[in-house]
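Undergrad: If you're matching them up, the sequences are chains W and C in order.
Residues 1090 to 1243 in the numbering used here are what the first sequence spells out, letter by letter.
Residues 1090 to 1243 in the numbering used here are what the second sequence spells out, letter by letter.
Backbone N, C-alpha and C fix where the C-beta goes; we use that ideal spot for every residue, glycine too.
Protein chains: 2
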Amino acid sequence: MTQIPLARRSPVQPDVCNLAKAIDVVGDRWTLLILRAALYGVRRFDDFQSELGCPRTVLSGRLKSLVDDGLLTKRSYKSPGKRARPEYVLSPMGLSLRPILIGLTQWGDAWLGKGETPPISFTKAGSKSAIRAAFVDIEGREVRPDQIRPVLRG
Amino acid sequence: MTQIPLARRSPVQPDVCNLAKAIDVVGDRWTLLILRAALYGVRRFDDFQSELGCPRTVLSGRLKSLVDDGLLTKRSYKSPGKRARPEYVLSPMGLSLRPILIGLTQWGDAWLGKGETPPISFTKAGSKSAIRAAFVDIEGREVRPDQIRPVLRG
DNA sequence: CGTCTGGATTTCAAATGCGAACCCATTCAG
DNA sequence: CTGAATGGGTTCGCATTTGAAATCCAGACG
Chain W
1090 MTQIPLARRS
1100 PVQPDVCNLA
1110 KAIDVVGDRW
1120 TLLILRAALY
1130 GVRRFDDFQS
1140 ELGCPRTVLS
1150 GRLKSLVDDG
1160 LLTKRSYKSP
1170 GKRARPEYVL
1180 SPMGLSLRPI
1190 LIGLTQWGDA
1200 WLGKGETPPI
1210 SFTKAGSKSA
1220 IRAAFVDIEG
1230 REVRPDQIRP
1240 VLRG
Chain C
1090 MTQIPLARRS
1100 PVQPDVCNLA
1110 KAIDVVGDRW
1120 TLLILRAALY
1130 GVRRFDDFQS
1140 ELGCPRTVLS
1150 GRLKSLVDDG
1160 LLTKRSYKSP
1170 GKRARPEYVL
1180 SPMGLSLRPI
1190 LIGLTQWGDA
1200 WLGKGETPPI
1210 SFTKAGSKSA
1220 IRAAFVDIEG
1230 REVRPDQIRP
1240 VLRG
């Protein structure tokens, strides 16, 4: 039961599509795992490395791309008595991916979690009930998925 | 100005984390591009291929994984006078990724679109004003990003 | 001075990727 | 019946990317 009508082609060419561009930037296993860690507060090369267990070459390359693309900012930190080291923190551009990664977490909870209680959930400050990713109209009221309509420019 | 406190490690081990599991399933350039096309209504092997321009071997493999993982359903279609062919349609599991891909589209519009009008946008049925990805509480009221608090199980 | 430590680059085998050509079953045209 | 066309793949080499380990490098410290 698919509401999506058959198409031979997407209505938007991949080279104009910002979704395709976004996939180019973040659509990679390691890149997404790096962003996941960054959103949890990881900032340092070796911390990323021991968290991800990925080759240092790969990590080094991905961090560089993420900095080039503007998702991470490279800056120095200095613990007293140690030499200055770079750390990688999320820029506003990177931070604004949070809703998407939280949405993906909840998708994983729903479909891959095997019925177990999710290890992490999200609430509104001061409240105990969970929040979830959704769509809202201009006044901030929820729009159900089946109410969403794509509109092509033209 | 990062509100995220420094962490040496994510609070949730990757092998328990449903975000990490989700990334394992969809965190791949081609996989995401396939899902993008599928959400636009593409269903057939050659249509995917000519849209993505990816090697047929890769496409064949990714479609197989997506079917195995439950995001796509393989079924037959038959145009009159032609022989039966398989087509790949989104399952409910795959369809429920829509909000995430739309969110990613809007992220791309905001950060990668170079100020141009996005080629595609989304509205609520019957309305003309755009909708956006956000968080809502249990009653469907928007929660601002700075109000979000993670809660660990345990 | 020599050592330690966090951050990276070099090296090289193994895996994955790519592109092109090929295969297979069916349907249609002559 | 023969032969081309069509949609959906697989096979085959080669190029790139990965992975794991070893190495390098700069500054603090004893």
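Determine which residues share a DSSP beta bridge with T1212 of chain W and list them.
TA: Answer is W:A1219, C:R1238, bridged to T1212 of chain W.
Undergrad: Would you please verify whether the beta carbon of A1245 of chain C is less than 8 Å from any beta carbon of chain W?
TA: Chain C is shown only over 1090 to 1243; residue 1245 of chain C falls outside these bounds and no answer can be derived.
Undergrad: Since A1096 of chain W and Y1129 of chain C are thought to touch, with beta carbons under 8 Å apart, how far apart are those beta carbons, to the nearest angstrom?
TA: The pair is a contact, with the Cβ atoms about 6 Å apart (cut-off 8 Å).
Undergrad: If you check the beta carbons only, do I1093 of chain W and I1220 of chain C fall under 8 Å apart?
TA: Not in contact: I1093 of chain W and I1220 of chain C (Cβ atoms no closer than 8 Å).
Undergrad: Secondary structure at V1105 of chain W, three-state DSSP: helix, strand or coil?
TA: Three-state DSSP puts V1105 of chain W in coil, outside helix and strand.
Undergrad: Buried or exposed for M1090 of chain C, going by 16 or more other Cβ atoms inside 10 Å?
TA: Reliability fails at M1090 of chain C, whose pLDDT of 48 lies under 50, so the model's placement of it is uncertain and no value is given.
Undergrad: Is there a C-beta anywhere in chain C that falls below 8 Å from the one on C1106 of chain W?
TA: Chain C contact via Cβ: present.
Undergrad: Return the Cβ separation of I1254 of chain W and W1200 of chain C in integer angstroms, given the expectation that the two are a contact with Cβ distance under 8 Å.
TA: Past the edges of chain W, shown from 1090 to 1243, lies residue 1254 of chain W, and the structure says nothing about it.
Undergrad: Measuring only the C-alpha atoms, how far is L1184 of chain W from D1157 of chain W?
TA: Whole-angstrom Cα-Cα distance: 16 Å.
Undergrad: Straight-line CA distance for Q1138 of chain W to L1193 of chain W?
TA: So the two alpha carbons sit approximately 23 Å from each other.
Undergrad: Kindly indicate the opening and closing residues of the alpha helix (DSSP H) around T1162 of chain W.
TA: Not the alpha helix (DSSP H): T1162 of chain W falls in the beta strand (DSSP E), residues 1161-1166.
Undergrad: My assumption, with CB atoms under 8 Å, is that V1225 of chain C sits in contact with A1223 of chain W. Please give the rounded CB distance.
TA: Right, the Cβ-Cβ distance comes to about 5 Å (below 8 Å), so this counts as a contact.
Undergrad: For the stretch 1118-1127 of chain W against the stretch 1151-1171 of chain W, do three or more pairs of beta-carbon atoms, one drawn from each stretch, fall closer than 8 Å, so that the two count as touching?
TA: Short answer: they touch.
Undergrad: Say whether chain W places a C-beta atom closer than 8 Å to the C-beta of L1041 of chain C.
TA: In the structure as shown, chain C begins at 1090 and stops at 1243. Residue 1041 of chain C is therefore absent and cannot be evaluated.
Undergrad: Can you give the Cα-Cα distance for R1145 of chain C and D1117 of chain C, rounded to whole angstroms?
TA: For R1145 of chain C and D1117 of chain C, the distance between alpha carbons rounds to 16 Å.
Undergrad: Do N1107 of chain C and P1234 of chain W have their C-beta atoms within less than 8 Å of each other?
TA: Cβ atoms of N1107 of chain C and P1234 of chain W: not closer than 8 Å.
Undergrad: If contacts are defined as beta-carbon pairs under 8 Å, then P1175 of chain C and R1164 of chain C qualify, I think. What distance do you get, rounded to the angstrom?
TA: 7 Å between Cβ atoms; contact.
Undergrad: Which residues in chain C sit within 8 Å of G1170 of chain W, going by Cβ to Cβ distance?
TA: Per Cβ cutoff of 8 Å: no residues; G1170 of chain W is ~18 Å from chain C at best.
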